[in-house]
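Here the sequence shown stands for residues 276 to 598, numbered as in the working numbering. To keep things clear, I will list the structure first and then write my remarks on it.
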Amino acid sequence: MATWNTSNIQNFKYMFGYISSPLGYTLNDTFNSPIGNWNMSSAQDISYMFMRRKMFNQNLNSWNTSNVTNMSYTFAECMAFNQPLNNWNTSSVTNMTFMFHYLPYFNQPLDQWDTSNVTNMSHLFHGCASFNQPINSWDTSKVTDTNTMFSSAAGFDQTLQDWDLNALISADNMFLNSGLKCANYSYILTGWADNPVTANNIYLGSVSPLKYSTAITSKRNILFGKGWTITGDSATECEILGLHDNHLKNNKAEIYPNPAENIIHLKNVFNVKNYIISDASGRIIVKDILSSDFISVQNLAPGNYVLSITANDKTHTFKFIKK
Numbered sequence: 276m277a278t279w280n281t282s283n284i285q286n287f288k289y290m291f292g293y294i295s296s297p298l299g300y301t302l303n304d305t306f307n308s309p310i311g312n313w314n315m316s317s318a319q320d321i322s323y324m325f326m327r328r329k330m331f332n333q334n335l336n337s338w339n340t341s342n343v344t345n346m347s348y349t350f351a352e353c354m355a356f357n358q359p360l361n362n363w364n365t366s367s368v369t370n371m372t373f374m375f376h377y378l379p380y381f382n383q384p385l386d387q388w389d390t391s392n393v394t395n396m397s398h399l400f401h402g403c404a405s406f407n408q409p410i411n412s413w414d415t416s417k418v419t420d421t422n423t424m425f426s427s428a429a430g431f432d433q434t435l436q437d438w439d440l441n442a443l444i445s446a447d448n449m450f451l452n453s454g455l456k457c458a459n460y461s462y463i464l465t466g467w468a469d470n471p472v473t474a475n476n477i478y479l480g481s482v483s484p485l486k487y488s489t490a491i492t493s494k495r496n497i498l499f500g501k502g503w504t505i506t507g508d509s510a511t512e513c514e515i516l517g518l519h520d521n522h523l524k525n526n527k528a529e530i531y532p533n534p535a536e537n538i539i540h541l542k543n544v545f546n547v548k549n550y551i552i553s554d555a556s557g558r559i560i561v562k563d564i565l566s567s568d569f570i571s572v573q574n575l576a577p578g579n580y581v582l583s584i585t586a587n588d589k590t591h592t593f594k595f596i597k598k
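Given below as structure tokens:
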């Protein structure tokens, strides 16, 4: 199996997935073959590929997933799986629903993933008791569904304050019984409240038993003013940094998302005076004063650009792609 020629296969859906047993049949589930060298360059659909294969735990990090669009249920209930996947090219993926659903041991970095085309992240880490990796840098600008995304992810305690929720429609029970501590939950509420593109009228539902700092009550109320419904949380006293200071914990200046479609956000760039956007030839396209932590690129033609930001301490230069 390890030497199979898979270079022309486009559909791997259900390939090893175990849906249910026929009446009176018990699956002898010992599948754990080393298939990390497979040529996946033609693959488009790997949904349900390893679903409920309780013994499978092979390294697939070298797979070429650049053409995959559907990763739904890929490792759902694949109980033993805990292998690195950060090298996967996810730039074409639109569907990640239930991808890591109920993986008790999975806790691998995923911060290098390009999620710019993903629309469905529902149940993505539902029941992933060990998962606790930073994914604040993910591009969520096209995500419409985060239902139950971190529900029962008891170990998850990361901030998502920089997420772009412009396209969000449904987020029911996104954080129910998650492991978010007071500080990171407070950062999330603050970041989402302060982001002008955050969607209106979102039903977050119950986030029990999460607690938020009394210091950010006004930020939570901003979300209510935008038509959000949040239940099950409660205010308490907990030590939090301001968002400015919280970013300083990882003080590398950054922009995101990149590639960008409408807005570029700035991270760890402070006391900004002005900015310049130049095209690939060096011609200045935009020059303006900056009074917020984001820049609109909606009117730029698709292509490669250079963003130069002048602050009190230095000039920050970033290359970015306008989609």
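Note that the Cβ used here is the ideal one computed from N, Cα and C, for glycine as well.
Would you say the region 506-514 touches the region 403-411, given that touching needs at least three Cβ pairs under 8 Å?
no
Tell me whether the region 341-354 and the region 306-313 touch, counting them as touching only if at least three CB pairs, one residue from each stretch, are closer than 8 Å.
no
By the 10 Å Cβ neighbour count, where 16 or more other Cβ atoms means buried, how is Lys-527 classified, buried or exposed?
Counting from 1 along the sequence shown, the entry for residue 527 is found at position 252. Its Cβ having fewer than 16 others within 10 Å, Lys-527 is exposed.
So the beta strand (DSSP E) Ser-553 belongs to, where does it begin and stop?
Numbered from its first residue, the sequence shown carries residue 553 at position 278. Residues 547-554.
Return helix, strand or coil for Ala-535, following the three-state DSSP convention.
Residue mapping note: residue 535 aligns to position 260 of the sequence shown, counting from 1. Reduced to three states, the DSSP call for Ala-535 is strand.
Quick one: give me the first and last residue of the beta strand (DSSP E) that Tyr-487 is part of.
Position 212 of the sequence shown holds residue 487. 486-488 is the span of the beta strand (DSSP E), which, as asked, contains Tyr-487.
Do Asp-304 and Met-330 have their C-beta atoms within less than 8 Å of each other?
Position 29 of the sequence shown holds residue 304. Position 55 of the sequence shown holds residue 330. Going by C-beta atoms, Asp-304 is nearer than 8 Å to Met-330.
Grouping DSSP H, G and I as helix and E and B as strand, with all else coil, what is Ser-493?
On the sequence shown, position 218 is the one that residue 493 refers to. Here Ser-493 sits in helix by DSSP.
Can Asn-448 and Gly-402 be called in contact, C-beta distance under 8 Å?
Position 173 of the sequence shown, counted from the first residue, corresponds to residue 448. Position 127 of the sequence shown, counted from the first residue, corresponds to residue 402. For Asn-448 and Gly-402, no; Cβs fall outside 8 Å.
Might you give, ordered along the chain, the residues of its own chain that have their beta carbon closer than 7 Å to the beta carbon of Lys-589, omitting 5 neighbours on each side?
Position 314 of the sequence shown holds residue 589. So no residue of the chain qualifies.
Whose C-beta lies closer than 6 Å to the C-beta of His-591 among residues of the same chain, with five residues either side of it excluded?
The residue given as residue 591 occupies position 316 in the sequence shown. The answer, listed in chain order, is Ala-528, Val-544, Ile-584.
Mapping DSSP to helix, strand and coil, what is Ser-445?
Taking the sequence shown and counting its residues from 1, the one referred to as residue 445 is at position 170. Strand at Ser-445.
Since Pro-532 contacts Lys-597 with CB under 8 Å, what's their CB separation in whole angstroms?
On the sequence shown, position 257 is the one that residue 532 refers to. On the sequence shown, position 322 is the one that residue 597 refers to. Wrong, their Cβ atoms sit about 11 Å apart, outside the cutoff.
Count the other C-beta atoms from every protein chain shown that fall within 10 angstroms of the C-beta of Asn-370, then say buried if there are 16 or more, exposed otherwise.
What you label residue 370 is simply residue 95 of the sequence shown in a count that begins at 1. Result: buried.
Starting from the C-beta of Phe-267, find all residues in its chain whose C-beta is less than 6 Å away, skip the five residues before and the five after it, and write them out in chain order.
With the chain running from 276 to 598 in the structure shown, residue 267 is simply not present.
From this set, Cys-353, Trp-338, Asn-334, which residue's C-alpha is nearest Arg-327's C-alpha?
On the sequence shown, position 52 is the one that residue 327 refers to. It is Cys-353.
Using the Cβ count rule (16 or more neighbours within 10 Å means buried), how would you classify Ala-555?
Within the sequence shown, numbered from 1, the residue matching residue 555 stands at position 280. Its Cβ having fewer than 16 others within 10 Å, Ala-555 is exposed.
Going by DSSP, what residue range makes up the alpha helix (DSSP H) through Gly-466?
Residue mapping note: residue 466 aligns to position 191 of the sequence shown, counting from 1. Run containing Gly-466: 457-469, per the alpha helix (DSSP H) assignment.
Can you tell me whether Ile-559 is buried or exposed, with buried defined as 16 or more other CB within 10 angstroms of its CB?
As a working note, residue 559 is residue 284 in the sequence shown. Exposed is the call here.
What residue range does the beta strand (DSSP E) around Gly-578 cover?
Along the sequence shown, read from residue 1 onward, the residue named residue 578 stands at position 303. 578-586 is the span of the beta strand (DSSP E), which, as asked, contains Gly-578.
Tyr-377: which of Asn-314, Thr-349, Asn-579, Leu-498 sits nearest, CA to CA?
One-based indexing of the sequence shown puts residue 377 at position 102. Considering only alpha carbons, the answer is Thr-349.
Count the CB pairs spanning the region 429-447 and the region 470-487 that are closer than 8 Å, and state whether there are at least three.
yes
Out of Ser-488, Tyr-293, Ile-294, which one is the CA nearest neighbour of Ala-458?
Indexing the sequence shown from 1 puts residue 458 at position 183. For Ala-458, the nearest C-alpha among the options comes from Ser-488.
Check Leu-479 in the structure and name its three-state DSSP category.
Looking up residue 479 in the sequence shown gives position 204. Looking at Leu-479 - three-state DSSP - the assignment turns out to be strand.
Count the other C-beta atoms from every protein chain shown that fall within 10 angstroms of the C-beta of Ser-493, then say buried if there are 16 or more, exposed otherwise.
The sequence position of residue 493 within the sequence shown is 218, counting from 1. Around the beta carbon of Ser-493, a 10 Å sphere encloses fewer than 16 other beta carbons of the protein chains shown; the residue is thus reported as exposed.
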